[in-house]
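**Q** Provided herewith is a single structure, encoded as structure tokens, for subsequent inquiry.
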Amino acid sequence: MMNCIFCKIVEGTIPSQKVYEDEKVVGFKDISPVAPVHIIIIPKHHIESVMEVDENNADIVSHIILVAKKIAKELGISEKGFRIVNNCGKEGGQTVPHLHFHLLGGRDMQWPPG
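Going by this note's numbering, the letters in the sequence shown line up with residues 8 to 121, in that order.
Written as structure tokens, this is what we have:
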């Protein structure tokens, strides 16, 4: 998508602090972290939100979960615990229209989240 900030990160036209990249996804540090560890994991292929996930692209979600697990281990938060968050739509708190998951850790997570 032309004006998608996350697509521009995938392309490399907007810099990011990448912590993970493979052929399907990119993981990078959030520019406004809400936890000591706050990583955004996105598919390289533009999918606007969970509402656009279907039988043709659903495998990307399981891949992202496996990547989140790997990053959590690498960043030392897997033992104490972490949170994976996906926001969908305006009222769900989605601010960038590109499917993405937040990996949060390094502190106690509160419930309800907000």
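The C-beta atom is built at its ideal place from N, Cα and C for all residues, glycine as well.
Could you say which of G112, F108, C11, I16 lies nearest to I67 if we only look at CA atoms?
**A** Residue mapping note: residue 67 aligns to position 60 of the sequence shown, counting from 1. Selected option, being the one with the closest Cα: F108.
**Q** Classify H53 as helix, strand or coil using the three-state DSSP reduction.
**A** Taking the first residue of the sequence shown as 1, we reach residue 53 at position 46. If DSSP states are grouped into helix, strand and coil, H53 belongs with coil.
**Q** For V60, which of helix, strand or coil comes out of DSSP?
**A** Counting from 1 along the sequence shown, the entry for residue 60 is found at position 53. Of the three classes helix, strand and coil, the one that applies to V60 here is coil, per DSSP.
**Q** Kindly indicate the opening and closing residues of the beta strand (DSSP E) around V6.
**A** One cannot answer for residue 6 here, as it falls past the ends of the chain, which runs 8 to 121.
**Q** From the DSSP output, read off the bridge partner residues of H107.
**A** Against the sequence shown, residue 107 aligns to sequence position 100. DSSP output for H107 lists no bridge partner at all.
**Q** Straight-line CA distance for C95 to Q101?
**A** Here residue 95 corresponds to residue number 88 of the sequence shown, with the count starting at 1. Here residue 101 corresponds to residue number 94 of the sequence shown, with the count starting at 1. Each residue's alpha carbon lies about 5 Å from the other.
**Q** What are the partner residues of G112, as DSSP defines its beta bridges?
**A** By one-based count along the sequence shown, residue 112 stands at place 105. DSSP lists V44, F89 as partners of G112.
**Q** What residue range is occupied by the uninterrupted alpha helix (DSSP H) comprising K36?
**A** Position 29 of the sequence shown, counted from the first residue, corresponds to residue 36. According to the DSSP assignment, K36 belongs to no alpha helix (DSSP H) but to the beta strand (DSSP E) extending over 32–36.
**Q** Return the first residue and the last residue of the beta strand (DSSP E) that E98 is part of.
**A** Here the question's residue 98 lines up with position 91 in the sequence shown. E98 -> no beta strand (DSSP E), and no H or E assigned at all.
**Q** I'd like to know whether the C-beta atoms of I46 and I78 end up nearer to each other than 9 Å.
**A** Here residue 46 is taken as the residue at index 39 of the sequence shown, counted from 1. Here residue 78 is taken as the residue at index 71 of the sequence shown, counted from 1. Contact flag set, yes.
**Q** Evaluate A65 with the Cβ neighbour count: other Cβ atoms within 10 Å of its Cβ, from every protein chain shown; 16 or more gives buried, anything less gives exposed.
**A** Your numbering for residue 65 matches position 58 in the sequence shown. Flag for A65 reads exposed.
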